[in-house]
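Data block below; observations after.
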Amino acid sequence: MTEDTESTIAIIEAFIRERFLYDRPETVLTPDLPLIEQRLIDSLQLMQLVQFLQEKFELRFDIMDLVFDNFASLSAMANFVSKQKG
Amino acid sequence: MKTDVLIVGGGPAGAAAALFLKRQGIDSLIVEAESFPRYHIGESMTGAAGQLLRDLGLEEEMIRLGFPVKCGVKVYGQSVAGSWFVPVRGRNAAGQLFDAETWQVRRSDFDKLLLDRAVAGGATLIQGKATRPIVRDGVVKGAHVDTRDGGQLVIESEMLLDCSGQSTWLANLGGVTGPKYVGAYDKQVAVFSQVRGAIRDSGTARDERKDNTLIFYKQKYHWAWFIPIDDETVSVGVVAPSSLLPKGESLRTYLTRELRNLHPELSRRLPVVDLVEEVRAIPNYSYQVRDFCGKGFMCIGDAHRFVDPIFSFGLSAALREAEFAAPAVKAWLEGKNRDSENPFADYQLFCEKGIDVLEDLLDAFWEHPFAFSVCVHDRYRDLLTDTFAGRVYEHENQPNVAINDFRRLLGRAGERELSYQDGSAYSIPIGSRYHPERAPLWDATPGESPAA
Numbered sequence: 000m001t002e003d004t005e006s007t008i009a010i011i012e013a014f015i016r017e018r019f020l021y022d023r024p025e026t027v028l029t030p031d032l033p034l035i036e037q038r039l040i041d042s043l044q045l046m047q048l049v050q051f052l053q054e055k056f057e058l059r060f061d062i063m064d065l066v067f068d069n070f071a072s073l074s075a076m077a078n079f080v081s082k083q084k085g
Numbered sequence: 000m001k002t003d004v005l006i007v008g009g010g011p012a013g014a015a016a017a018l019f020l021k022r023q024g025i026d027s028l029i030v031e032a033e034s035f036p037r038y039h040i041g042e043s044m045t046g047a048a049g050q051l052l053r054d055l056g057l058e059e060e061m062i063r064l065g066f067p068v069k070c071g072v073k074v075y076g077q078s079v080a081g082s083w084f085v086p087v088r089g090r091n092a093a094g095q096l097f098d099a100e101t102w103q104v105r106r107s108d109f110d111k112l113l114l115d116r117a118v119a120g121g122a123t124l125i126q127g128k129a130t131r132p133i134v135r136d137g138v139v140k141g142a143h144v145d146t147r148d149g150g151q152l153v154i155e156s157e158m159l160l161d162c163s164g165q166s167t168w169l170a171n172l173g174g175v176t177g178p179k180y181v182g183a184y185d186k187q188v189a190v191f192s193q194v195r196g197a198i199r200d201s202g203t204a205r206d207e208r209k210d211n212t213l214i215f216y217k218q219k220y221h222w223a224w225f226i227p228i229d230d231e232t233v234s235v236g237v238v239a240p241s242s243l244l245p246k247g248e249s250l251r252t253y254l255t256r257e258l259r260n261l262h263p264e265l266s267r268r269l270p271v272v273d274l275v276e277e278v279r280a281i282p283n284y285s286y287q288v289r290d291f292c293g294k295g296f297m298c299i300g301d302a303h304r305f306v307d308p309i310f311s312f313g314l315s316a317a318l319r320e321a322e323f324a325a326p327a328v329k330a331w332l333e334g335k336n337r338d339s340e341n342p343f344a345d346y347q348l349f350c351e352k353g354i355d356v357l358e359d360l361l362d363a364f365w366e367h368p369f370a371f372s373v374c375v376h377d378r379y380r381d382l383l384t385d386t387f388a389g390r391v392y393e394h395e396n397q398p399n400v401a402i403n404d405f406r407r408l409l410g411r412a413g414e415r416e417l418s419y420q421d422g423s424a425y426s427i428p429i430g431s432r433y434h435p436e437r438a439p440l441w442d443a444t445p446g447e448s449p450a451a
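Chains as they are written, first to last, in numbering that gives the first Met the number 0: chain A, 0 to 85; chain B, 0 to 451.
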């Protein structure tokens with residue numbers, strides 16, 4: 000994992016903890032944990048997350064890239080974001 | 000017997016066509032087989048349909064009859080906590096969105112209201128069943144009608160409007176329209192009835208009003224509707240792949256079980272499943288008729304196309320197509336376009352483009368739920384509000400960038416454009432998702448599924 004990916008993961012994790020897991024601070028988040036599948040975030044929260052990622056990293060995701068796989072876990076999101084930035 | 004315009008079917012498409020024709024100074028004759036009021040499904044209207052009724056001067060009557068006022072649609076997804084609200088919004092002359100309202104209707108009452116208005120406005124109503132069209136030299140010149148009292152009529156017309164709804168009268172007879180194709184949502188079945196004692200919202204905020212439409216999504220192609228039609232009664236229905244309907248089980252048992260199990264929020268709202276209306280089913284509701292307009296005839300509304308009922312576009316499409324038909328019919332009666340192969344090619348393409356926008360919205364919703372959600376919640380909120388409100392015939396604004404993105408997502412952007420340019424004035428049938436070959440012909444055998 001690159002340093003860049005790690006810092007992206009940290010940013011996303013902080014957002015998720017603050018916005019969605021504020022009442023569950025004990026939740027352990029690993030980079031590959033399937034967030035939606037494990038019901039840690041729901042579909043509406045996922046929308047907020049997409050919005051956050053675009054704003055934070057100044058990106059506009061192409062509609063073709065808006066597939067679950069790109070947002071399934073912290074590492075999936077970080078990889079996707081880094082590809083978009085590149 | 001002779002008339003300028005013969006309308007087959009006195010439902011909303013036919014009655015609205017008569018009303019709009021009257022505005023052009025044209026009287027019509029409506030043939031309707033059933034006595035109104037009669038039951039019909041399809042109770043919810045888009046904002047555009049509500050606006051059209053206001054334009055027809057029916058607002059007071061709609062209020063007097065107490066039809067529930069709809070401010071929007073609340074969609075409950077798979078996560079119990081999450082629902083999203085699609086508000087009914089209008090767009091003013093300056094292009095700004097404003098909060099608007101439309102109606103839910105008990106169709107027996109609403110359809111009777113429209114038909115009564117048409118008759119009061121001068122349309123002649125004949126109770127009977129059109130059996131076959133009269134065609135001379137490739138031009139439709141009227142229809143044979145078996146009247147309710149056992150008589151037979153030959154009604155000659157300059158123009159015939161097929162407003163027969165899902166029975167697709169002309170298309171099923173063959174020889175006048177082009178072929179009828181299976182649509183994307185075949186092998187689906189809608190099973191529905193009405194309940195009393197349902198728990199409705201009771202708030203004052205627009206998304207918490209008691210008369211809004213609720214939709215419950217279980218999984219792809221499997222969902223339920225909840226549409227209040229008066230203070231006590233709610234229309235409920237479940238739509239699912241036909242394969243999920245157990246053979247031999249009664250529709251009532253199936254619907255009751257589905258209403259209890261489909262979604263926790265739906266079962267919460269139905270503490271008792273008290274079905275107060277016959278349980279009915281419509282299988283294989285998705286189809287599209289090619290060349291639905293021609294010399295002396297046009298098909299309006301469900302008589303030529305039906306995509307998917309989830310966002311309540313049916314009444315809206317029927318009413319608006321009826322509105323747009325009137326000036327085209329007037330021109331024909333005045334002798335214009337008599338020599339062209341399809342005198343209503345412009346009208347036909349105009350309607351097809353509108354429904355294509357709806358179809359692409361619906362397909363994106365089903366096939367690409369994640370991308371669709373991002374567009375609805377964030378990226379194209381306002382533009383999609385227009386489409387949900389049924390403003391799809393405003394071709395100066397549609398397809399908008401949201402719909403174009405959906406087309407790209409669905410891999411049909413170029414395809415749509417090509418179909419508009421090849422001179423056939425006809426949209427490409429997308430075809431059934433179950434069929435590897437595209438758009439097989441509809442098998443008209445009654446009670447049978449389309450060709451598998």
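Think of the CB as a built atom: it goes at the ideal place given N, C-alpha and C, for glycine as much as any other residue. Note that the coordinates shown come from a computational prediction; the quantities given were computed from them, not determined experimentally.
Which of helix, strand or coil DSSP assigns to residue i
i, result
"B/K217", "strand"
"B/Q347", "helix"
"B/H376", "helix"
"B/V272", "coil"
"B/R37", "coil"
"B/A117", "helix"
"B/V288", "strand"
"A/V80", "helix"
"A/I15", "helix"
"B/R279", "strand"
"B/F312", "coil"
"B/G150", "coil"
"B/P227", "strand"
"B/A424", "With a pLDDT of only 49 at B/A424, under the threshold of 50, the placement of this residue in the model should not be trusted; the figure read from the coordinates follows. Coil at B/A424, not helix or strand."
Residue i versus residue j - alpha carbon distance
i, j, result
"B/Y433", "B/V87", "Residue placement at B/Y433 is poorly supported in this model, since its pLDDT is 43, which falls under 50; the coordinates are not used for a value here."
"B/P178", "B/Y286", "10 Å"
"B/G127", "B/V153", "12 Å"
"B/D454", "B/D161", "In this structure chain B extends from 0 to 451, so residue 454 of chain B is not present and cannot be described."
"B/P11", "B/A317", "7 Å"
"A/A75", "A/E5", "12 Å"
"B/L382", "B/L314", "21 Å"
"B/A47", "B/V356", "15 Å"
"B/I6", "B/R22", "16 Å"
"B/E60", "A/L43", "40 Å"
"B/A280", "B/F305", "16 Å"
"B/K209", "B/F364", "26 Å"
"B/I40", "B/R106", "7 Å"
"B/V233", "B/V194", "5 Å"
"B/R53", "B/H303", "26 Å"
"B/T123", "B/D26", "8 Å"
"B/N110", "B/V104", "The sequence shown places Asp at residue 110 of chain B, not Asn. Their Cα atoms are separated by approximately 9 Å."
"B/Y425", "B/E395", "The predicted model places B/Y425 with a pLDDT of 49, which falls under 50 and marks its position as unreliable; any figure quoted below should be read in that light. When rounded, the distance between both Cα atoms is 19 Å."
"B/R411", "B/Y379", "20 Å"
"B/V272", "B/Y184", "28 Å"
"B/K246", "B/T252", "12 Å"
"B/S418", "B/L360", "18 Å"
"A/A13", "B/L261", "35 Å"
"B/F323", "B/Y346", "7 Å"
"A/E57", "A/I35", "24 Å"
"B/E478", "B/A16", "Because chain B is modelled from 0 through 451, residue 478 of chain B falls outside the range shown and cannot be assessed."
For residue i, the nearest candidate out of the options (CA to CA)
i, options, result
"B/D206", "B/W331, B/E100 and B/M158", "B/E100"
"B/N283", "B/S311, B/D307 and B/L265", "B/D307"
"B/I299", "B/R208, B/F349 and B/N260", "B/F349"
"B/V4", "B/V190, B/I281 and B/P326", "B/P326"
"B/C292", "B/P36, B/D359, B/F109 and B/L159", "B/L159"
"B/L18", "B/L112, B/Q103 and B/L357", "B/L112"
"B/T255", "B/P263, B/A239, B/K246 and B/V278", "B/V278"
"B/V144", "B/P132, B/G137 and B/R105", "B/P132"
"B/L244", "B/V188, B/D273 and B/P67", "B/V188"
"A/P30", "A/L73, A/A77 and A/S81", "A/L73"
"B/E257", "B/G247, B/V271, B/A223 and B/P270", "B/A223"
"B/E248", "B/V190, B/D229 and B/H376", "B/V190"
heavy atom of the ligand FAD below 6 Å from residue i C-beta
i, result
"B/A327", "Within the structure as shown, the ligand FAD is missing, as the structure has no ligands at all."
Whole-number beta carbon distance between residue j and residue i, since they are thought to touch under 8 Å
i, j, result
"B/V288", "B/T176", "5 Å"
"B/Y180", "B/Q77", "About 32 Å; that fails the 8 Å criterion."
query: According to a CB-to-CB cut-off of less than 7 Å, which residues of the stretch 65-77 of chain A neighbour chain B?
result: Flagged, chain order: L65, V66 and F67.
- request: Quick one: which residues of the stretch 36-52 of chain A get their C-beta closer than 7 Å to a C-beta of chain B? List them in chain order.
  value: Cβ contacts with chain B: D41, S42, L43, M46, V49 and Q50.
query: the stretch 389-416 of chain B: which residues have C-beta closer than 9 Å to a C-beta of chain A, in chain order?
result: If the cut-off is 9 Å between Cβ atoms, the stretch 389-416 of chain B has D404, F405, R407 and L408 near chain A.
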